[in-house]
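**Student:**
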Amino acid sequence: MDHSWQKELGNSLRSIADINLFFGTNLTIKAPNSFSALIPLPLAKKIQDLGPSSALWKQFIPQDIESEHFQESGSLDPIGDSDFKKTNCLIHRYHNRVLFLPTHSCPVHCRYCFRRNVIDTPKSLSKSEFELCLEYLKEHVEVEEIIFSGGDPLVLSDSKIQFYLEQFATLPNIKFIRFHTRTPVILPSRLNLSLASVLEKFQGRFHINLVLHINHASEIDQTLLENLRAFNRQGVELLSQTVLLNGVNTYPEDLALLFKTLSMNRIKPYYLHHPDRVSGGLHFYLPIEQGRKIYLKLRSMLSGWMIPQYVIDQPSGRGKLPIFNAENFEFSGKLLGLSGTKESHTES
Ligand code: SF4
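Numbering-wise (the working numbering), the sequence shown opens with residue 450 and increments by one.
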C-alpha cells in the first residue's frame, strides 16, 4: 500500500518558527490569532520557488495582518453552519443533501478558510457520533446525496473512507457521494491506486464526484493531472471550485488560465465563490462589485461551458446565491430584498 502522502503530510512546517527558519522570514504573528500554520514540505518548496508575490505564498504563509483583522468585524461562522448542524458531524441545509464532516484535519491551512475556527481541533469522530448521524439519515429519507467535507475528507485513511461508504450504502435513499477536497492539489500522491480501488468498489452503488478546491493555475502540476486522469477513467466525475481572493486571483487573465486548464483536463469549473467575511481572513475580502466586474470580463474571455457559477454564501446561513445578475440584488454587508423566486439553493 502506498503511504507516501502520509509521510509527506508528517513532514510539514507547523509553526511560525518553522516557517521563519525555512523561508528566512521574520514573521511575528501572535495571539489572538489561533489558526496554526500547516504547510507540507513539497508545497513549501514550491512556494519558495515562486516567491512572496506568488498566489501560493499569499494563500498559505501566515501574515501579521491576520492578528490585526482578528480584532475587527468578521465572523467565526460566516456561512452560518452552526444553525444547520443536526449532529456533531452533519449539516443539513438543503432539502436533499447533507454535509458530512468526518474530520477537522486538513492537508494544509489556507489562511482565508471560512472554517478556520474549527479546523484542526484534534477530536476525531467517535462511533457514537457516527451512529447518531446514521440515525438522522434513516429518519430523513429525502436526503439523496452525502457531501464529505470537513476539514478535508481525503486526509482520512482509505479504510476509514471505505467504512463510511459501506455504512452509507446501507441507506437505500443515498444515491450520490461527493468529496470536497483540497488534498489532491497539496499532496497529489494521495490519489493513489489504493484510494482508486476503494472508490471503484462503490461505483455501481453511488454516482461519485470529486470536487477539487483550486484557486490558481500555479497549483496544478503534471503529477496532479496524471493522477486525476486515472480517477476520471474509472468513472469518478471531476469538478472544481475556486474562491475569489483579494491579491491572489483577481486578475481575470489568471482565472481564465485556470478555468481553461481545468476544462482541457476534463475537470468542470463548478463554482467561483465570493470570499466569506471570516475573522482573521478579512484581507482576502473584496467588494462584490469588484467581483462582478472580474466575472463580466471572464465571460468575454471564455466559452460559456468553461465558466463556473459565481456565488456567495449568505451570511444568514441560508445557502448559496448566484450574484452575477446585479439588478436582482442589493448588497450592503448582507443580502437584502430576497424573494422566494430569486433565492437559489444550489448547494456547495
Ligand atoms: S483545505 Fe479547505 S477546510 Fe482545510 S484549511 Fe483549506 S480551505 Fe479550509
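Glycine included, each C-beta is placed from N, C-alpha and C at the ideal position. Since this is a predicted model, take the numbers as computed values, not measurements.
Taking 7 Å as the line, does the beta carbon of Arg-631 fall inside it for any heavy atom of the ligand SF4?
**Tutor:** Remark: the C-beta of Arg-631 is in contact range of the ligand SF4, defined as less than 7 Å to any heavy atom.
**Student:** Could you tell me the distance, in whole angstroms, from the CA atom of Val-760 to the CA atom of Ala-618?
**Tutor:** Going from the Cα of Val-760 to the Cα of Ala-618 covers about 31 Å.
**Student:** With DSSP as the reference, please indicate the residues paired to Ile-488 in a beta bridge.
**Tutor:** Leu-462
**Student:** Using a Cβ-Cβ cutoff of less than 7 Å, which residues in the same chain neighbour Ile-595 once the five nearest sequence positions on both sides are dropped?
**Tutor:** Val-547, Phe-549, Phe-617, Ile-623 and Ile-626
**Student:** Would you mind listing the alpha helix (DSSP H) stretches within the segment 498-579 that are 4+ residues and don't spill past its ends, in chain order?
**Tutor:** 504-509 and 514-519
**Student:** Quick check on the burial criterion: 16 or more other C-beta atoms within 10 angstroms. Buried or exposed for Tyr-544?
**Tutor:** Going by the sequence as given, residue 544 is His instead of Tyr. So His-544 ends up on the exposed side.
**Student:** Exposed or buried, Val-536, counting other C-beta atoms within 10 Å across all chains shown (16 or more means buried)?
**Tutor:** The sequence shown places Thr at residue 536, rather than the Val named in the question. Counting Cβ neighbours within 10 Å, Thr-536 comes out buried, since at least 16 surround it.
**Student:** Whose C-alpha, out of Asp-601, Tyr-613, Ser-608 and Ser-606, is nearest the C-alpha of Ile-635?
**Tutor:** Asp-601
**Student:** Run through DSSP, which three-state label would Gln-671 get?
**Tutor:** helix
**Student:** Are there three or more Cβ pairs, one per stretch, closer than 8 Å when the segment 728-743 is compared with the segment 682-695?
**Tutor:** yes
**Student:** Is it the case that the CB of Gly-600 approaches a heavy atom of the ligand SF4 more closely than 7 Å?
**Tutor:** For the ligand SF4, a non-hydrogen atom lies closer than 7 Å to the CB of Gly-600.
**Student:** Leaving out the 5 sequence neighbours to the left and right, which residues in its chain are closer than 6 Å to Arg-631 when beta-carbon positions are compared?
**Tutor:** Asp-601 and His-662
**Student:** Go ahead and label Ala-775 buried or exposed: buried means 16 or more other beta carbons lie within 10 angstroms of its beta carbon, across all protein chains shown.
**Tutor:** The predicted model places Ala-775 with a pLDDT of 49, which falls under 50 and marks its position as unreliable; any figure quoted below should be read in that light. Exposed, by the Cβ-count rule.
**Student:** Under a three-way DSSP split, which group does Gln-652 fall into?
**Tutor:** DSSP places Gln-652 in coil when its eight states are reduced to three.
**Student:** State the start and end residues of the unbroken beta strand (DSSP E) segment that holds Leu-721.
**Tutor:** 717-722
**Student:** Roughly how many whole angstroms lie between the Cα atoms of Ala-493 and Lys-769?
**Tutor:** 33 Å
**Student:** For the segment 578-588 against the segment 553-566, do three or more pairs of beta-carbon atoms, one drawn from each stretch, fall closer than 8 Å, so that the two count as touching?
**Tutor:** no
**Student:** Any heavy atom of the ligand SF4 inside 7 Å of the beta-carbon of Arg-564?
**Tutor:** yes
**Student:** What runs of the beta strand (DSSP E), each 3 residues or longer, lie entirely inside the segment 614-650?
**Tutor:** 625-630
**Student:** Hey, would you say Val-660 sits closer than 8 Å to Leu-688, going by beta carbons?
**Tutor:** yes
**Student:** Have a look at Ile-657, Arg-715 and Leu-706 and flag the residue whose alpha-carbon is nearest the alpha-carbon of Arg-678.
**Tutor:** Arg-715
**Student:** Going by the DSSP bridge assignment, what does Ile-596 pair with across the sheet?
**Tutor:** Leu-548 and Arg-627
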